[in-house]
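Under this note's numbering, residues 10 to 174 are what the sequence shown spells out, in order.
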Amino acid sequence: MEQGIGKKRNNAGMSLIELVVAVLIIGILSAGAVMGFSFIHSMDASSAAETVNSLLERTRLNTIAAEEGAGIRLELKKEENSYYGILWKGTTELDKMEVGGNGIAVKVTAADGTVTTIDEVHTCEFSYKKSNGAFQSTYEKIEITGTKAVVIYLVTATGRSYIGN
């Protein structure tokens with residue numbers, strides 16, 4: 010006895026609707042992965058901006074609290090593949106904090122429009138006046154760019170800084 014005689018084989022493959030649904034599901038999953046990856050990178054710039062803003066305020070408060078002529082300053086620099094904020098008191102390093110990795114870029118703009126890109130060669134220093142906490146430097150903003158740009162605006166007269174778009 011032969012099996013299969015008289016049985017109909019249903020080996021027609023996928024229907025057009027099944028194919029469209031499969032492509033649609035793959036597209037949705039891909040879009041979600043791309044958006045998630047983009048979100049992670051944009052968080053790098055936001056996190057770096059929060060860290061720099063915090064370091065600026067810490068430097069300002071340390072300057073106001075320190076003795077006259079203590080030489081408190083914040084240096085933003087890039088070493089190897091990371092950006093750092095280094096808090097100095099004269100020639101003594103008080104603290105060194107990683108700001109962000111290689112996925113970001115940091116630019117500082119002065120009041121005269123001069124833009125300094127922080128890299129292995131170029132650094133920027135921020136210092137404050139002890140008497141009123143105002144900036145001694147004439148920088149206007151710090152731009153941190155990853156997949157999106159985050160700007161820290163510097164108010165020279167008051168020494169305050171805030172994160173904007």
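Even glycine gets a Cβ: it sits at the ideal position worked out from N, Cα and C.
Computed from a predicted structure; not experimentally measured.
Suppose contacts are defined by Cβ-Cβ distances below 8 Å. Is residue i in contact with residue j by that definition?
i: V176; j: T60; result: With the chain covering only 10 through 174, there is no way to say anything about residue 176.
i: Y92; j: T118; result: no
i: A58; j: I127; result: no
i: G173; j: A54; result: no
i: V115; j: I151; result: yes
i: G110; j: N90; result: yes
i: L96; j: L85; result: no
i: A28; j: F135; result: Sequence check: residue 28 is Leu here, not Ala. Taking 8 Å as the Cβ cut-off, L28 and F135 do not qualify as a contacting pair.
With a 10 Å radius around its C-beta and 16 neighbouring C-beta atoms as the bar for buried, classify residue i as buried or exposed.
i: N62; result: buried
i: K87; result: buried
i: G168; result: buried
i: G99; result: exposed
i: E77; result: exposed
i: H50; result: Reliability fails at H50, whose pLDDT of 48 lies under 50, so the model's placement of it is uncertain and the value that follows must be treated cautiously. Under this definition H50 is an exposed residue.
i: K37; result: According to the sequence displayed, residue 37 carries Ile and not Lys. By the 10 Å Cβ count, I37 comes out exposed.
i: Y171; result: exposed
i: T123; result: exposed
i: I26; result: exposed
i: G202; result: There is simply no residue 202 to check, as the chain begins at 10 and stops at 174 in what is shown.
i: V30; result: exposed
i: L83; result: buried
Taking the continuous beta strand (DSSP E) assigned at residue i, which residues delimit it?
i: Y93; result: 91–98
i: S170; result: 169–173
i: E102; result: 101–109
i: I84; result: Sequence check: residue 84 is Glu here, not Ile. Counting along the chain, the beta strand (DSSP E) containing E84 begins and ends at 81–88.
Apart from the five residues on each side of it in sequence, which residues of its chain come closer than 6 Å, Cβ to Cβ, to residue i?
i: V130; result: none
i: N71; result: I81
i: Y162; result: K150, Y171, G173
Near residue i, what residues of its chain come up, given a Cβ to Cβ distance below 8 Å and the 5 sequence neighbours on each side ignored?
i: S56; result: G109
i: I113; result: D53, A54, A57, Y92, I153, T154, G155
Taking 7 Å as the cut-off, is the CB of residue i close to at least one heavy atom of the ligand ATP?
i: I161; result: Among the components of this structure there are no ligands whatsoever, and the ligand ATP is therefore not found.
Excluding sequence positions up to five away, which residues of its chain have a Cβ less than 7 Å from the Cβ of residue i?
i: K138; result: Q145
i: A166; result: A143
Item to complete: Within the region 117–160, note down every full alpha helix (DSSP H) run reaching 4 residues or more, in order along the chain.
Response: none
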